[in-house]
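The block underneath contains the structure these notes are about, expressed in structure tokens.
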Amino acid sequence: MIDSSSKDPIFNLPFALLCLSSLLFSASFNMLIPDLPAYLTKLGGAEYKGLIIALFTLTAGISRPFSGKLTDTIGRVPIMAVGSVVCFLCGFLYPILTSVSGFLFLRLIHGFSTGFKPTATSAYVADIVPKERWGEALGIHGLCFSTGMAIGPAIGSYISGTYSINVLFYSSSLFALMSIIILMNMKETLQNRKKLSFAAFKLSKRDIIDVKVLPAAIVTLLSYVGYGAILTLIPDWGGHLGLVNKGIFFMIFTISSLLIRFVAGKISDKHGRLNVAIAGLVILGVALIAIGYSYSQLGLFIGAVIYGIGTGILSPALNAWTIDLSDPDHRGKAVATMYIFLEAGIGLGALFAGWFYQDVMSMVPPIFYATAAISFTALIYMVYWKNSVAKGIV
Numbered sequence: 002m003i004d005s006s007s008k009d010p011i012f013n014l015p016f017a018l019l020c021l022s023s024l025l026f027s028a029s030f031n032m033l034i035p036d037l038p039a040y041l042t043k044l045g046g047a048e049y050k051g052l053i054i055a056l057f058t059l060t061a062g063i064s065r066p067f068s069g070k071l072t073d074t075i076g077r078v079p080i081m082a083v084g085s086v087v088c089f090l091c092g093f094l095y096p097i098l099t100s101v102s103g104f105l106f107l108r109l110i111h112g113f114s115t116g117f118k119p120t121a122t123s124a125y126v127a128d129i130v131p132k133e134r135w136g137e138a139l140g141i142h143g144l145c146f147s148t149g150m151a152i153g154p155a156i157g158s159y160i161s162g163t164y165s166i167n168v169l170f171y172s173s174s175l176f177a178l179m180s181i182i183i184l185m186n187m188k189e190t191l192q193n194r195k196k197l198s199f200a201a202f203k204l205s206k207r208d209i210i211d212v213k214v215l216p217a218a219i220v221t222l223l224s225y226v227g228y229g230a231i232l233t234l235i236p237d238w239g240g241h242l243g244l245v246n247k248g249i250f251f252m253i254f255t256i257s258s259l260l261i262r263f264v265a266g267k268i269s270d271k272h273g274r275l276n277v278a279i280a281g282l283v284i285l286g287v288a289l290i291a292i293g294y295s296y297s298q299l300g301l302f303i304g305a306v307i308y309g310i311g312t313g314i315l316s317p318a319l320n321a322w323t324i325d326l327s328d329p330d331h332r333g334k335a336v337a338t339m340y341i342f343l344e345a346g347i348g349l350g351a352l353f354a355g356w357f358y359q360d361v362m363s364m365v366p367p368i369f370y371a372t373a374a375i376s377f378t379a380l381i382y383m384v385y386w387k388n389s390v391a392k393g394i395v
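This is how it looks when you write it as structure tokens:
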């Protein structure tokens, strides 16, 4: 671990490389999102739009316990590399498997990418940054990941519109390849690494969920249901409102998130994760209501800005809170637990949205209002936990 006595221990080469790798990885799979609903419709699978995100998050969630255990046994860097390699391969397979069933199968496989890389990445950050600056470091790293989320969809929509959907798939592989090249030069931080064996894939109940971080995980699940609905509905809703480049919404909300992340992590270190997360949940719920109420591009953009502010405040606080609640020897499992619940929230939101949407535009606003109510449920739970459980009353 890097010496915490250095003047500015966050801004060092390992952390910079990690952030760049995550940016490229994030752009790799996010650049596909705006065009996948229309692509699936052309393949004849319009009724399965909700599965585009749901299947992706299913395998991401299933793989989390394995990635968490492997991160804590064979090392952080190999597990990060697995995620980027999956993205690299899937980009070449989409143009080959052009049936509805083949496409949905690939979405399942593609989900393994986010099941592996983010888990090991968060553990790596905790290894190279002093504890008192985890919130700030995770906020900066999240900023870089969100930059990929911002530029990816906009670049993806431009590529598919200017060239073709297949060129978009190959471009996704190129971004993943650059992420892999960076990881090849990263130094492993896990002490007492073990060799990969079949035993490493055997999971007990204790390997799947870290019960110590369940409070943070529950809030994560409830707060990300709305994001699953956004990923499923915004491409069609944006097109309905006249957006040509469907990635613009994602670019606006992630830029908004980026700007707030500059200070959000540091604020959570200073004023506490719970206080900051509560503020983020309030803003998140308001944003989802605004998105549902928008009947013009301007209204949609305003909703995107507010949503970006909410996620920019909430995400670093939840990440840091998870690590705060975990044991140092089980950071991989703790982070994996949080991401299992995150993927479950996104997947449930996508399924919920796809099920009720059914290509009926009038259903979009009430779906977003419902996800706002779920976010406010997370707010109620968090206020309860802060005022009773955290103080030892119950």
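Just so we're aligned, residue 2 is where the sequence shown starts under our numbering, counting upward by one. In this text, a Cβ means the ideal position worked out from N, Cα and C, and glycines have one as well.
In this structure, the alpha-carbon of Gly293 lies about 32 angstroms from that of Thr120. With a cut-off of 8 angstroms on Cβ pairs, the region 154–168 is not in contact with the region 110–129, counting fewer than three such pairs. Trp322 has its alpha-carbon roughly 19 angstroms from the corresponding atom of Phe146. With a contact defined as Cβ atoms closer than 8 angstroms, Ile279 and Leu380 qualify at about 7 angstroms. Spatial neighbours of Val214 in its own chain (CB-CB distance under 7 angstroms, excluding positions within 5 residues in sequence) are listed in chain order as Thr323, Leu326, Ser327, Ala335, Thr338 and Met339. If you ignore the 5 residues before and after His331, its C-beta comes within less than 7 angstroms of the C-beta of Asp73 and Asp211, all in its own chain and listed in chain order.
If you ignore the 5 residues before and after Gly92, its C-beta comes within less than 7 angstroms of the C-beta of Phe170, Tyr171, Ser173, Ser174 and Ala177, all in its own chain and listed in chain order. Sequence-distant Cβ neighbours of Trp386 in its own chain, meaning closer than 6 angstroms and more than five residues away, are Pro216. When the Cα atoms are used, Leu21 and Leu139 turn out to be separated by approximately 14 angstroms.
Pairing Ala318 with Ser258 gives a Cβ-Cβ distance that is not under 8 angstroms.
If one requires a minimum length of 4 residues, the alpha helix (DSSP H) runs lying completely within the region 120–181 are 135–163, in chain order. Distances from the alpha-carbon of Tyr95 to those of Leu191, Lys118 and Leu37 put Leu37 closest. Annotated as proximal: Leu234 and Ile368, with beta-carbon spacing under 8 angstroms. With 16 or more neighbouring CB atoms inside 10 Å of its own CB, Tyr308 falls in the buried class. The C-beta of Lys247 has 16 or more other C-beta atoms within 10 Å across all chains shown, which makes the residue buried. Lys203 counts as exposed, since fewer than 16 other C-beta atoms from the protein chains shown sit within 10 angstroms of its C-beta. In terms of Cβ geometry, Ile290 and Ala373 form a close pair [threshold 8 angstroms]. A distance below 6 angstroms between beta-carbons, with the five flanking residues on each side excluded, links Pro236 to the following residues of its chain, in chain order: Pro35, Pro38 and Lys247. One Cα belongs to Arg77, the other to Leu299, and the distance between them is close to 43 angstroms. Counting C-beta atoms within 10 angstroms of its own C-beta, Tyr296 has fewer than 16 neighbours from the protein chains shown and is therefore classed as exposed. Take the alpha-carbon of Ile284 and the one of Ile231: they are about 16 angstroms apart. Taken through DSSP and simplified to helix, strand or coil, Met81 comes out as helix.
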